[in-house]
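S.K.: In this note's numbering, the protein residues as written are 219 to 709. Cβ coordinates follow ideal geometry from the N, Cα and C atoms, glycine included.
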């Protein structure tokens, strides 16, 4: 199941709440590993015990077979009637629990912001709302079980009346000891049987967890194969870093509109490309097509003569370095976060740290490269986390570097350090930057301007600044930069 979820496309995570996924790995796995085996063992042992004692009574009193068969049929009808709804009630109970888990997780992760904006009351009310919905679903499920147990108790009482009447009617035919054995056996059966049927109902309802885990293990949509199935590429691919985007259109899901329309552009080896546009213009979607996070509706992306759709995702994504807007760090050591597959020597790691201006920070730590990194890198500032991601890219020395608004959340000083390192260390690499601060890309070779998912401008920044009606020029003027000279002075 874990592998299946990891191989799911991004659309799955866009439409599936985190709480639901966590519910599969927590509650549902607990149901299968602990509850289902327990109930199965109990039900099997109970059925054998009840059958043995019922057969014993039928041997002593053959007439008892008739009322026993009648009540058994009523038990089966009652059981079928209950099972028609109890599994659905259990499913609703599990679904209602997912928002509770998700709300707890999101509240804990954003606790500082909640306190800053004084929204504790709002989040508490939401928690009460989710708990009310979950408890209402659980109450209905529990009440259905009590409804079932009450009626099985009534049928058990009828069985007791029948065996008692038969014992009285056949007085003197069998010995007193045998009568006592029959009454004791059937009394034990009648006391235990309602509980056994309740356990059987619980066992059946727990199988909704099995259904959900099977769905997540085998029925989820998967991304393209990780490894190359047909065309193989050289080990040093991409050698130059030329990117050709040919007539690409993209939509995130079949029912959604296109977010990119007929994109056509070529990024030559070593060029520095800035991608700008207003919110929703399709900037991040362009990065998505290069990494095949979502398959294109039409068109193709070609890197150094290789159509990326014809190679495995592992081959493609291993060849491209990405510095995201939100730096991702994993719990472990600094070295593990920089070189998780242990492909580089300590000397190479230190050299990369020096290039990213992070060497002094790491040297000051007691354990150096082995210094621990907390969950999500909480023991480092946002700027330091971003520099660690930059160091990771420096180690890989990829021919293509993607920056998705990488400096949007850092201070100006860190931003300048990152830009300086990129200019010096990636001089021979193709760099594609989605820019939040336009001053960081004014010295780039070309600027690609997107609007409503279409390319409206693609030229050198100086040329765009001199062009009347240029959208890039309008954005620069909104920053107070109206001439090429002022723009060049920003860098």
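Comparing C-alpha positions only, which one of 260, 707, 353 and 691 sits nearest to residue 414?
M.R.: Position 196 of the chain shown holds residue 414. When each option's Cα is compared against that of residue 414, the closest is 260.
S.K.: Kindly provide the ranges of any alpha helix (DSSP H) runs that are 4 or more residues long and lie completely inside the segment 317-396, ordered along the chain.
M.R.: Considered as a whole, the segment 317-396 harbours 329-334 and 338-387 as its complete alpha helix (DSSP H) runs of no fewer than 4 residues, in chain order.
S.K.: What separation, rounded to the nearest whole angstrom, lies between the Cα atoms of residue 307 and residue 359?
M.R.: As a first step, residue 307 must be located in the chain shown, where it is residue number 89. As a first step, residue 359 must be located in the chain shown, where it is residue number 141. Straight through space, the alpha carbons of residue 359 and residue 307 are spaced by roughly 6 Å.
S.K.: Quick check: what's the CA-CA separation for residue 422 versus residue 303?
M.R.: Indexing the chain shown from 1 puts residue 422 at position 204. Indexing the chain shown from 1 puts residue 303 at position 85. Distance between the alpha carbons of residue 422 and residue 303: 11 Å.
S.K.: Cβ atoms of residue 349 and residue 318: under 8 Å apart, would you say?
M.R.: Residue numbering aside, residue 318 sits at position 100 when the chain shown is read from its first letter. Residue numbering aside, residue 349 sits at position 131 when the chain shown is read from its first letter. Going by beta carbons, residue 318 and residue 349 fall inside the 8 Å limit.
S.K.: Given a threshold of 16 other Cβ atoms within 10 Å of its Cβ, counted over all protein chains shown, does residue 468 qualify as buried or as exposed?
M.R.: What you label residue 468 is simply residue 250 of the chain shown in a count that begins at 1. So residue 468 counts as buried.
S.K.: When DSSP labels each residue in this structure, what does residue 291 get in the three-state scheme?
M.R.: Sequence index remark: in the chain shown, residue 291 carries index 73 (1-based). Here residue 291 sits in helix by DSSP.
S.K.: To the nearest angstrom, how far is it from the Cα of residue 343 to the Cα of residue 649?
M.R.: As a working mapping, residue 343 is identified with position 125 in the chain shown. As a working mapping, residue 649 is identified with position 431 in the chain shown. Roughly 47 Å between the two C-alpha positions.
S.K.: What do you get for residue 639, buried or exposed, if any count of 16 or more other CB atoms within 10 angstroms of its CB means buried?
M.R.: Within the chain shown, residue 639 is the residue found at index 421, counting from 1. When all chains shown are included, residue 639 counts as buried.
S.K.: Please identify the residue among 385, 252, 416 and 689 whose C-alpha is closest to the C-alpha of residue 405.
M.R.: Sequence index remark: in the chain shown, residue 405 carries index 187 (1-based). It is 385.
S.K.: Residue 271: buried (16+ other C-beta within 10 angstroms of its C-beta) or exposed?
M.R.: Against the chain shown, residue 271 aligns to sequence position 53. When all chains shown are included, residue 271 counts as buried.
S.K.: What's the gap between the Cα of residue 521 and the Cα of residue 636?
M.R.: For the purposes of this step, residue 521 is taken as the residue at position 303 of the chain shown. For the purposes of this step, residue 636 is taken as the residue at position 418 of the chain shown. When rounded, the distance between both Cα atoms is 25 Å.
S.K.: Can you give me the C-alpha to C-alpha distance between residue 434 and residue 249, rounded to a whole angstrom?
M.R.: In the chain shown, counting from the first residue as 1, residue 434 sits at position 216. In the chain shown, counting from the first residue as 1, residue 249 sits at position 31. Distance between the alpha carbons of residue 434 and residue 249 is about 15 Å.
S.K.: I need the straight-line Cα distance from residue 610 to residue 495, nearest angstrom please.
M.R.: Along the chain shown, one-based indexing puts residue 610 at 392. Along the chain shown, one-based indexing puts residue 495 at 277. If you draw a straight line from the Cα of residue 610 to the Cα of residue 495, it is about 28 Å long.
S.K.: Return the residue from the list 232, 693, 377 and 337 that minimises the CA-CA distance to residue 403.
M.R.: As a first step, residue 403 must be located in the chain shown, where it is residue number 185. The residue with the shortest Cα to Cα distance from residue 403 is 377.
S.K.: Can you tell me whether residue 584 is helix, strand or coil according to DSSP?
M.R.: Along the chain shown, read from residue 1 onward, the residue named residue 584 stands at position 366. Coil at residue 584, not helix or strand.
S.K.: Give me the Cα-Cα distance between residue 253 and residue 355, rounded to the nearest whole angstrom.
M.R.: As a position in the chain shown, residue 253 is number 35, starting the count at 1. As a position in the chain shown, residue 355 is number 137, starting the count at 1. Approximately 20 Å between the Cα atoms of the pair.
S.K.: Suppose you measure from the CA of residue 237 to the CA of residue 309; what does that come to, to the nearest Å?
M.R.: Taking the first residue of the chain shown as 1, we reach residue 237 at position 19. Taking the first residue of the chain shown as 1, we reach residue 309 at position 91. If I take the Cα positions, the gap works out to 15 Å.
S.K.: For residue 290 and residue 408, what's the separation of their Cα atoms in angstroms?
M.R.: Locating residue 290 in the chain shown gives position 72, where the first residue counts as 1. Locating residue 408 in the chain shown gives position 190, where the first residue counts as 1. If I take the Cα positions, the gap works out to 12 Å.
S.K.: Which residue wins for smallest C-alpha separation from residue 644, given the options 266, 630, 619 and 529?
M.R.: Working through the chain shown from its first residue, we reach residue 644 at position 426. It is 619.
S.K.: Is residue 327 close to chain D? Criterion is C-beta to C-beta, closer than 8 Å.
M.R.: Any reference to chain D falls outside this structure, which holds one protein chain only.
S.K.: Is residue 263 buried or exposed, if buried means 16 or more other CB atoms sit within 10 Å of its CB?
M.R.: The residue labelled residue 263 in the question sits at position 45 within the chain shown. The residue in question, residue 263, is exposed, as its Cβ has fewer than 16 Cβ neighbours within 10 Å.
S.K.: Ordered along the chain, which non-local residues of its own chain (more than five positions away) have a Cβ less than 6 Å from that of residue 540?
M.R.: By 1-based counting over the chain shown, the position of residue 540 is 322. These residues qualify, in order along the chain: 620.
S.K.: In the structure shown, what three-state DSSP assignment does residue 412 receive?
M.R.: Counted from its first residue, the chain shown places residue 412 at position 194. Looking at residue 412 - three-state DSSP - the assignment turns out to be helix.
S.K.: Given 8 Å as the limit, is there contact between the segment 483-494 and the segment 653-665, that is, 3 or more CB pairs closer than that?
M.R.: Touching, per the Cβ criterion.
S.K.: Determine whether the beta carbon atoms of residue 476 and residue 323 lie at a separation below 8 Å.
M.R.: For this step, residue 476 is matched to residue 258 along the chain shown. For this step, residue 323 is matched to residue 105 along the chain shown. Pairing residue 476 with residue 323 gives a Cβ-Cβ distance that is not under 8 Å.
S.K.: Would you report the Cα separation of residue 597 and residue 591, rounded to the nearest angstrom?
M.R.: The residue given as residue 597 occupies position 379 in the chain shown. The residue given as residue 591 occupies position 373 in the chain shown. Rounded to whole angstroms, residue 597 to residue 591 spans 7 Å at the Cα level.
S.K.: Classify residue 352 as buried or exposed, calling it buried when 16 or more other Cβ atoms lie within 10 Å of its own Cβ.
M.R.: Along the chain shown, one-based indexing puts residue 352 at 134. The residue in question, residue 352, is buried, as its Cβ has 16 or more Cβ neighbours within 10 Å.
S.K.: From 515, 484 and 439, pick the residue whose C-alpha is nearest to that of residue 472; which is it?
M.R.: Taking the first residue of the chain shown as position 1, residue 472 is located at position 254. Nearest C-alpha to residue 472: 515.
S.K.: Taking only runs of the alpha helix (DSSP H) that begin and end inside the segment 537-599, which ones reach a length of at least 4 residues, in chain order?
M.R.: 552-556, 564-573 and 577-581
S.K.: Secondary structure at residue 485, three-state DSSP: helix, strand or coil?
M.R.: Taking the chain shown and counting its residues from 1, the one referred to as residue 485 is at position 267. Strand, per DSSP.
S.K.: What three-state label does DSSP hand residue 515 in the structure shown?
M.R.: Locating residue 515 in the chain shown gives position 297, where the first residue counts as 1. Note: residue 515 maps to coil in three-state DSSP.
S.K.: Assign residue 456 to buried or exposed, taking buried as 16 or more other Cβ atoms, counted over all protein chains shown, within 10 Å of its Cβ.
M.R.: Here residue 456 refers to the residue found at position 238 of the chain shown. Its Cβ being crowded by 16 or more others within 10 Å, residue 456 is buried.
S.K.: Please classify residue 444: does DSSP put it in a helix, a strand, or coil?
M.R.: Counting from one through the chain shown, the residue named residue 444 turns up at place 226. Three-state DSSP puts residue 444 in coil, outside helix and strand.
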